[in-house]
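Peer 1: Okay, handing you the structure first.
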Ligand SMILES: [Zn+2]
Ligand SMILES: [Zn+2]
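Residue numbers (our numbering): 7 to 480.
Quick look at the structure:
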């Protein structure tokens, strides 16, 4: 080949075809395709049926793994389900699919409709922290589908009245911990304001890093949804986590040190109070393209808008959180290499912990490994409480992490990941986040805890609690 002659056809690399199997729909094999999904071409009349089948299969395999084949009646009573709606795109798709598959007005077959009993929806409203309130548009949307919507406020997690409403033990007073020690000892003094919103702000503000704020809000949302599910006496909570969102959560969980409970990101059964709640994510294999196509073809409205995130107002000024970095990475990957996003989820599904869980974390209710906080207590990463220069003459201050004690503290009842969020070092503090700046009378080192976190009872307290049932000594 000479420099001036134009390249001939043999000199060029063969161009890779956009479609692996031509341009005809792989289902009906007659019509011209409209959309490429994971290298397969579908026409616009075969695609909805494929997506409905995919949704139904994911839901039924989670609800009843030993379900009989299509057409035969199920052996279990159809469970009532609660849909957890955030108001984002996947919430709209989830609501529409549930209506389409399981309502008389939708096109679901009679035997298939019986998979699910009564359907309710729950939304956790964080607008008290400054975000947009989505209650009205969501109510309108649910009304259109004939589904009842229950609204829970974010600060309800710190409201004693809500604790009674969801059936938790209401004899316990609110709990606070001392954040200045890595062991997070409980504080005996109960003085101070106890308005739920002030407590919520103080809780988020006392977190040591900006990364912990959205992560903690995610956990609080999950727990509020789970407790509300027990309140309405349902055993299944369905949320609209899509494939990229699931992959983001999986990578985040690993980054936060939550690898032990990685499997629970896909599917989990959580003991809440006296009930076991199954948390199901039937859209966990849906790519953004599939979600977008469903929204477009069904002309659905999205209350939060297409790219609004619930925790955007709580993003730290200037700094980037692990969650945001992971999200940018996965969404970029989804655009150029969608198969890799699905590989993250498939690989994580194969990871199993090497030992059985020793206990459940009191904060996130996820399984925790034995001695989750012991490793941290022995690490050499310590903060000096006084600047080096002034401490040269004075003796070294005692390390912040106290030796292992037997006193009742929060640290040894948390999982590794929650403990990391509460005690991570080197952070700039969540106080830098604008809406959390005002302290509301709380000292920086005092953290109020959500109402489901309870102290272990001492022997005396236990006696007091069950006193009326004990027989008198002769
Ligand atoms: Zn077709
Ligand atoms: Zn935890």
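Glycine is no exception: its CB is placed at the ideal position from the N, C-alpha and C atoms. Given the structure is predicted, the values throughout are model-derived calculations rather than measurements.
#1: What does the Cβ neighbour count give for residue 246, buried or exposed, with the cut at 16 atoms within 10 Å?
#2: Leaving aside the five residues before and after residue 235 along the sequence, list all residues of the same chain whose C-beta is less than 6 angstroms from its C-beta, in chain order.
#3: Output the residue ranges of the alpha helix (DSSP H) runs that lie fully inside the region 133 to 171 and measure 4 residues or longer, sorted by chain position.
#4: Looking only at C-alpha atoms, which of 184, 213, 51 and 172 sits nearest to residue 230?
#5: Measure the C-alpha to C-alpha separation of residue 220 and residue 459 and round it to an integer number of angstroms.
#6: Closer than 7 angstroms by C-beta to residue 454: which residues in its own chain qualify, once you throw out the five before and the five after it? Chain order, please.
#7: Which residues share a DSSP beta bridge with residue 415?
#8: What residues in its chain sit with their C-beta under 6 angstroms from that of residue 422, if we drop five residues either side in the sequence?
#9: Bridge partners of residue 28, per DSSP?
#10: Any residues whose CB sits closer than 5 angstroms to a heavy atom of ligand 1? List them in chain order?
#11: For the alpha helix (DSSP H) containing residue 344, name the first residue and the last one.
#12: Compute the minimum distance between the beta carbon of residue 420 and the heavy atoms of ligand 2, and state whether it is under 7 angstroms.
#13: Where does the unbroken beta strand (DSSP E) through residue 245 begin, and where does it stop?
#14: DSSP on residue 254, reduced to helix/strand/coil?
#15: Taking DSSP as the reference, what is the three-state secondary structure of residue 95?
#16: Note down, in chain order, each residue of its chain lying with its Cβ closer than 6 angstroms to the Cβ of residue 61, except the 5 sequence neighbours on either side.
#17: Assuming the contact rule is C-beta atoms closer than 8 angstroms, residue 185 and residue 218 should be a hit. Round their C-beta distance to whole Å, please.
#18: Compare the beta carbon distance of residue 126 and residue 84 with 8 angstroms and say whether it is the shorter of the two.
#19: State yes or no: is the C-beta of residue 355 within less than 8 angstroms of the C-beta of residue 363?
#20: When you compare only the Cα positions, how much space is there between residue 96 and residue 297?
#21: Whose C-alpha, out of 305, 353, 239 and 280, is nearest the C-alpha of residue 272?
#22: Looking at ligand 2, does it come within less than 7 angstroms of residue 218, judged from the CB to the closest heavy atom?
#23: If you drop the 5 nearest sequence neighbours on each side, which residues of the same chain put their C-beta closer than 6 angstroms to that of residue 139?
#24: What residues in its chain sit with their C-beta under 8 angstroms from that of residue 306, if we drop five residues either side in the sequence?
#25: Can residue 277 be considered in contact with ligand 2, in the sense that its beta carbon sits closer than 7 angstroms to one or more heavy atoms?
#26: Would you say residue 135 and residue 160 are within 8 angstroms of each other, going by their C-beta atoms?
#27: Is any non-hydrogen atom of ligand 2 found closer than 7 angstroms to the C-beta of residue 186, if you look at the structure I gave you?
#28: If you run the structure through DSSP and keep just helix, strand and coil, what is residue 452?
#29: Span of the alpha helix (DSSP H) holding residue 1?
#30: Can you tell me whether DSSP reads residue 459 as helix, strand or coil?
#31: Heavy atom of ligand 2 less than 7 angstroms from the Cβ of residue 369, yes or no?
#32: Run the CB neighbour count on residue 17, radius 10 Å, all protein chains shown included, and call it buried at 16 or more, exposed below.
#33: Quick one: what's got a C-beta closer than 6 angstroms to residue 40's C-beta in the same chain, skipping five residues either side?
#34: Quick one: Cα of residue 6 to Cα of residue 254, how far?
#35: With DSSP run on the structure shown, which of helix, strand or coil describes residue 90?
#36: With DSSP as the reference, please indicate the residues paired to residue 302 in a beta bridge.
Peer 2: On the basis of the data shown:
#1: buried
#2: 88, 243 and 283
#3: Positions of the alpha helix (DSSP H) runs, each at least 4 residues long and wholly inside the region 133 to 171, are given as 141 to 151 and 166 to 171 in order along the chain.
#4: 172
#5: 19 angstroms
#6: 164, 180, 182, 205, 208 and 209
#7: 191
#8: Within the same chain, residue 422 has close Cβ partners 263 and 378.
#9: In the DSSP output, where bridge partners are listed per residue, residue 28 has none listed.
#10: 31, 33, 34, 37, 49 and 52
#11: 344 to 355
#12: yes
#13: Segment 242 to 245, the beta strand (DSSP E) holding residue 245.
#14: helix
#15: helix
#16: 103 and 288
#17: In fact, because the Cβ distance is near 12 angstroms, the residues do not count as touching under 8 angstroms.
#18: no
#19: No, the Cβ-Cβ distance between residue 355 and residue 363 is not below 8 angstroms.
#20: 7 angstroms
#21: 353
#22: no
#23: Closer than 6 angstroms at the Cβ level, and outside the excluded window around residue 139, lie 133.
#24: 98, 99, 102 and 300
#25: no
#26: yes
#27: no
#28: strand
#29: Not covered by the structure: residue 1. The range shown for the chain is 7 to 480.
#30: In this structure, DSSP gives residue 459 a state outside helix and strand, which the three-state scheme calls coil.
#31: yes
#32: exposed
#33: 49 and 50
#34: The question about residue 6 has no answer, for the chain in this structure spans 7 to 480.
#35: strand
#36: The partner list for residue 302 (beta bridge, DSSP) is empty, contrary to what the question assumes.
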